[in-house]
Amino acid sequence: MKLVKTNFEGYFTGVSSAVPEFVFLGEHPALDFANTLYAPHGELEDQLRSWADVREWLRQASLDDEVGTAGDLEAVVALRSAWAREIAGMLAGKPVSKGFLKALNAALEKDHFSEAVTESLELVRSSSRLQGSDRVMAILARQIASFLTECNRDYLRQCAGHGCVLYFYDTTKNHRRQWCSAAACGNRHKVAAFRERQAKKKSS
């Protein structure tokens with residue numbers, strides 16, 4: 001599993017004692033956000049333990065690097081929990097709940113943008129005018145909305161690795177991807193299968 005490590009400089013806020021090891025294997029920021037709660041060592045670990053963690057994740061995800069130093073961590077974690085439940089529901093063939101869409105739209109409605117045409121004839125949107133928690137919630141809601149409206153849910157997957165809880169969007173040509181990472185979970189599966197075959201040979 002590829003782990004993206006961060007720089008310690010300017011991180012410490014008196015809440016977290018180490019920089020979380022974020023994973024970006026979901027092929028979409030919305031799924032990477034859900035994957036901030038995962039089990040790298042066999043037990044679930046929350047990678048968003050402080051507002052500084054939220055800021056660092058947004059920076060590493062290339063979503064925003066201007067979030068304020070204080071915000072509502074509980075609101076972000078609550079959104080992630082609700083989003084994870086919706087992902088599990090979609091994998092089970094269920095529709096997205098009306099309550100979740102209502103909460104998503106509430107976060108989106110707070111944001112306002114302006115657009116302009118550049119000299120190179122590109123349409124560009126201004127940065128968010130929101131700050132703090134509202135800014136973060138709008139950014140995350142927009143990524144989730146992007147996934148729900150633009151991605152084919154038939155290609156939404158959860159890693160088939162034993163004990164792995166990571167989600168990903170299967171962008172492979174044949175759409176047969178099974179693992180969050182072929183080098184990690186995929187390789188562990190191959191090793192386990194090999195050992196099982198060897199054990200059967202010895203016992204036969």
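Last residue of the sequence shown: number 204 in the UniProt record's numbering, and the count goes up by one each step with no gaps. Positions of the beta carbon are idealized from the N, C-alpha and C atoms, including for glycine.
Please classify residue i: does DSSP put it in a helix, a strand, or coil?
i, result
"R49", "coil"
"V117", "strand"
"R177", "coil"
"L37", "strand"
"L31", "helix"
"E56", "helix"
If you count every other CB in all the chains shown that lies within 10 Å of the CB of residue i, and 16 or more means buried, which is it?
i, result
"F113", "exposed"
"R176", "exposed"
"V124", "exposed"
"Q131", "exposed"
"N35", "buried"
"D65", "exposed"
"A107", "buried"
"L79", "buried"
"E115", "exposed"
"H162", "exposed"
"C129", "Note on residue identity: the sequence assigns Arg, not Cys, to residue 129. Flag for R129 reads exposed."
"A141", "buried"
"S133", "buried"
"P20", "buried"
"E86", "buried"
"D53", "buried"
"V76", "buried"
Using 8 Å for Cβ pairs, my map puts residue i next to residue j. What's the rounded Cβ distance?
i, j, result
"V23", "L166", "7 Å"
"C164", "A84", "Not confirmed; about 14 Å, so no contact."
"A30", "W51", "With 8 Å as the limit, A30 and W51 do not qualify as a contact, their Cβ atoms being about 20 Å apart."
"K110", "A138", "6 Å"
"C180", "L25", "5 Å"
"W57", "L44", "At roughly 17 Å, the Cβ-Cβ gap does not stay under 8 Å, so W57 and L44 are not in contact."
"L104", "A145", "6 Å"
"C159", "F168", "7 Å"
"E27", "T171", "5 Å"
From the DSSP secondary-structure annotation, give me the bridge partner or partners of residue i.
i, result
"V19", "According to DSSP, which records beta bridges pairwise, V19 is partnered with nothing at all."
Can you check whether the C-beta of residue i is within less than 9 Å of a C-beta belonging to chain B?
i, result
"E21", "Note that chain B does not occur in the displayed structure, where there is just one protein chain."
Segments of 4+ residues assigned as alpha helix (DSSP H) that fall wholly inside the segment 133–171: Counting only runs of 4 or more, we get nothing.
May I have a chain-ordered list of the beta strand (DSSP E) segments no shorter than 3 residues that lie completely inside the segment 59–137? Uninterrupted beta strand (DSSP E) stretches at least 3 residues long and entirely within the segment 59–137 occur at 115–117 and 123–125, given in chain order.
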